[in-house]
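Step one of this worksheet: look at the structure below.
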Amino acid sequence: MGSKQSVDTGSEDRLTLAESRVDDIFEYRGNSFWEFGWDPDSIFDKSDCSLWELGRQKPVEMEFPPPTDININMMPFVFGDKNSIPSEYHGYLPLINSCWGLRSGQICYLTIQESLVKKDTSQRRAGLHIETPGSFENLHPKHRLGGGDNMRVDWGIGVMEYSCYGGIYMSSTVSDSCRVFNCRIREDKLTEPGIVRSHGDVSHLEPELKLICEHRKKYAPFVDNHVINMRPKALYWITDRTPHESLPLAEDTYRQYFRVVSPSISVWFADHSTANPLGIVPPSDVIILKGNKFE
Numbered sequence: 642m643g644s645k646q647s648v649d650t651g652s653e654d655r656l657t658l659a660e661s662r663v664d665d666i667f668e669y670r671g672n673s674f675w676e677f678g679w680d681p682d683s684i685f686d687k688s689d690c691s692l693w694e695l696g697r698q699k700p701v702e703m704e705f706p707p708p709t710d711i712n713i714n715m716m717p718f719v720f721g722d723k724n725s726i727p728s729e730y731h732g733y734l735p736l737i738n739s740c741w742g743l744r745s746g747q748i749c750y751l752t753i754q755e756s757l758v759k760k761d762t763s764q765r766r767a768g769l770h771i772e773t774p775g776s777f778e779n780l781h782p783k784h785r786l787g788g789g790d791n792m793r794v795d796w797g798i799g800v801m802e803y804s805c806y807g808g809i810y811m812s813s814t815v816s817d818s819c820r821v822f823n824c825r826i827r828e829d830k831l832t833e834p835g836i837v838r839s840h841g842d843v844s845h846l847e848p849e850l851k852l853i854c855e856h857r858k859k860y861a862p863f864v865d866n867h868v869i870n871m872r873p874k875a876l877y878w879i880t881d882r883t884p885h886e887s888l889p890l891a892e893d894t895y896r897q898y899f900r901v902v903s904p905s906i907s908v909w910f911a912d913h914s915t916a917n918p919l920g921i922v923p924p925s926d927v928i929i930l931k932g933n934k935f936e
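Using the numbering used here, read the sequence shown as starting at 642 and increasing by one per residue.
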């Protein structure tokens, strides 16, 4: 895990630059992530700050099966059809079925990682990033299209309009192991050079993200989800433009991580993904890329 460079957010010049970029780069007047454990019959309220809050009920603790060192990534399966999922992963069916914004018959993508995480390391990707790499220009040169490199790369998309549509669902068994900001990169900035870097890296935008949190705390003190560390065994929904990062753990810890990505993906990296032994493959409109995506 690479070390982060410290940022002097107290610098007047840096803050001025950050403030000028916040509204230009980010959307933050709506939900970019969602924690499940809400009453689905509750009614949305829109605050004066245009922040959407749902009447929250007692949080739900999701059921994780006993770990067996599973390690699969982006395995295609048919949502709603348990026979499209190998039996050794059926312990995760309750979690999969809790992704209620997805529709039966859709090809989705399952990630499960069960492993011991060493002290001061993270299990998943460290550093603030979004799931979409932005444009094809932010992929390795061998994976660019040529002539269409400025096209958006979809990696689940995600829209919140009274419910969750598309997007990414995730959960883990360990507290304070993933940090999520409740904002998203503006759609029109995804393919602008320098905004989203290689493979979705947005760590250089952390000062702007901190300003968003300060703004929300000032004008919406009743909202507590400007930025969160994910609670253990809670199910979250994010968009593919939501900044998040896996965090280093304070001690050696066994962690189970679960994720389902909705059907809206542009590419599937064969060398970094798990083939489904039952023969389920990405649909024909998904570009299958081979080779190491980092080299």
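All C-beta atoms in this analysis are idealised placements derived from N, C-alpha and C, irrespective of residue type, glycine included. All of these numbers come straight from a predicted model, not from anything done at the bench.
Endpoints, alpha helix (DSSP H) assigned at residue i
{"i": "I713", "result": "I713 -> not in any alpha helix (DSSP H); beta strand (DSSP E) instead, spanning N712 to V719."}
{"i": "I921", "result": "Unbroken run through I921: none, as it is neither H nor E."}
Limits of the beta strand (DSSP E) - the one that residue i falls within
{"i": "N870", "result": "V868 to N870"}
{"i": "I609", "result": "Residue 609 is absent from the structure shown; the chain starts at 642 and stops at 936."}
{"i": "I929", "result": "I928 to L930"}
{"i": "I737", "result": "Taken as a continuous stretch (DSSP letters only), I737 belongs to no beta strand (DSSP E), being part of the alpha helix (DSSP H) at L734 to N738."}
{"i": "Q754", "result": "I748 to V758"}
{"i": "Q897", "result": "T894 to V902"}
{"i": "W878", "result": "Y877 to I879"}
{"i": "E886", "result": "H885 to S887"}
{"i": "F910", "result": "V908 to F910"}
{"i": "V701", "result": "Where V701 is concerned, there is no enclosing beta strand (DSSP E), given that its DSSP letter is neither H nor E."}
{"i": "C819", "result": "C819 to F822"}
Residue environment, residue i, which counts as buried when at least 16 other CB atoms sit within 10 Å
{"i": "H913", "result": "exposed"}
{"i": "D686", "result": "Interpretation of D686 is limited by its pLDDT of 25, a score under 50 that renders its predicted location unreliable; the figure taken from the coordinates is listed afterwards. By the neighbour-count rule (16 or more Cβ atoms within 10 Å), D686 is not buried but exposed."}
{"i": "D649", "result": "The predicted position of D649 is uncertain, since its pLDDT is 40 and thus under 50; a value taken from the coordinates is nonetheless stated next. That one is exposed."}
{"i": "G920", "result": "exposed"}
{"i": "K723", "result": "exposed"}
{"i": "N917", "result": "buried"}
{"i": "N738", "result": "exposed"}
{"i": "P884", "result": "buried"}
{"i": "S688", "result": "Residue placement at S688 is flagged as unreliable, the pLDDT there being 29, under the threshold of 50; the coordinate-derived value follows with that caveat. By the 10 Å Cβ count, S688 comes out exposed."}
{"i": "T709", "result": "exposed"}
{"i": "D926", "result": "exposed"}
{"i": "V794", "result": "buried"}
{"i": "V922", "result": "exposed"}
{"i": "R825", "result": "buried"}
{"i": "R744", "result": "exposed"}
{"i": "I906", "result": "buried"}
{"i": "I879", "result": "buried"}
{"i": "E847", "result": "buried"}
{"i": "I929", "result": "exposed"}
Residue nearest to residue i in terms of C-alpha spacing, selected from the options
{"i": "C740", "options": "S816, F777, W796 and Y806", "result": "Y806"}
{"i": "N933", "options": "T915, F910, P924 and D926", "result": "F910"}
{"i": "S887", "options": "L850, N870, L919 and W878", "result": "N870"}
{"i": "K931", "options": "M811, M801, E702 and V908", "result": "V908"}
{"i": "S818", "options": "Q747, P873 and D710", "result": "P873"}
{"i": "Y810", "options": "V901, S725 and D842", "result": "V901"}
{"i": "D752", "options": "I713, S745 and S725", "result": "Per the sequence presented here, residue 752 reads as Thr, with Asp not at that position. T752 has its Cα closest to that of I713, out of I713, S745 and S725."}
{"i": "A767", "options": "L831, E833, S844 and I748", "result": "S844"}
{"i": "I711", "options": "G721, D829 and E729", "result": "E729"}
{"i": "L940", "options": "S812, F822 and I928", "result": "Nothing in the structure corresponds to residue 940, since the chain is present only between 642 and 936."}
{"i": "G799", "options": "R765, L831, P834 and G742", "result": "G742"}
{"i": "P706", "options": "E755, I826 and D842", "result": "E755"}
{"i": "L769", "options": "V868, T832, I726 and Y898", "result": "V868"}
{"i": "P834", "options": "S812, G797, M792 and R825", "result": "M792"}
Counterpart residues of residue i in DSSP-defined beta bridges
{"i": "D795", "result": "None; D795 has no bridge partner."}
{"i": "S813", "result": "Y898"}
{"i": "C805", "result": "M801"}
{"i": "I853", "result": "The partner list for I853 (beta bridge, DSSP) is empty, contrary to what the question assumes."}
{"i": "D842", "result": "H770"}
{"i": "R765", "result": "R765 is not bridged to any residue."}
{"i": "I726", "result": "Partner(s): none; I726 has no beta bridge."}
{"i": "R827", "result": "Paired residue(s): none; R827 is not in a bridge."}
### Message
Across the segment 733 to 743 and the segment 755 to 775, are there enough close Cβ pairs to call them in contact, namely three or more that are closer than 8 Å?
### Response
no
Does the segment 711 to 724 come within contact of the segment 841 to 858, defined as at least 3 CB pairs closer than 8 Å? no
Check your understanding: At a cut of 8 Å, does the segment 760 to 771 reach the segment 887 to 895 through at least three beta carbon pairs?
Key -> yes
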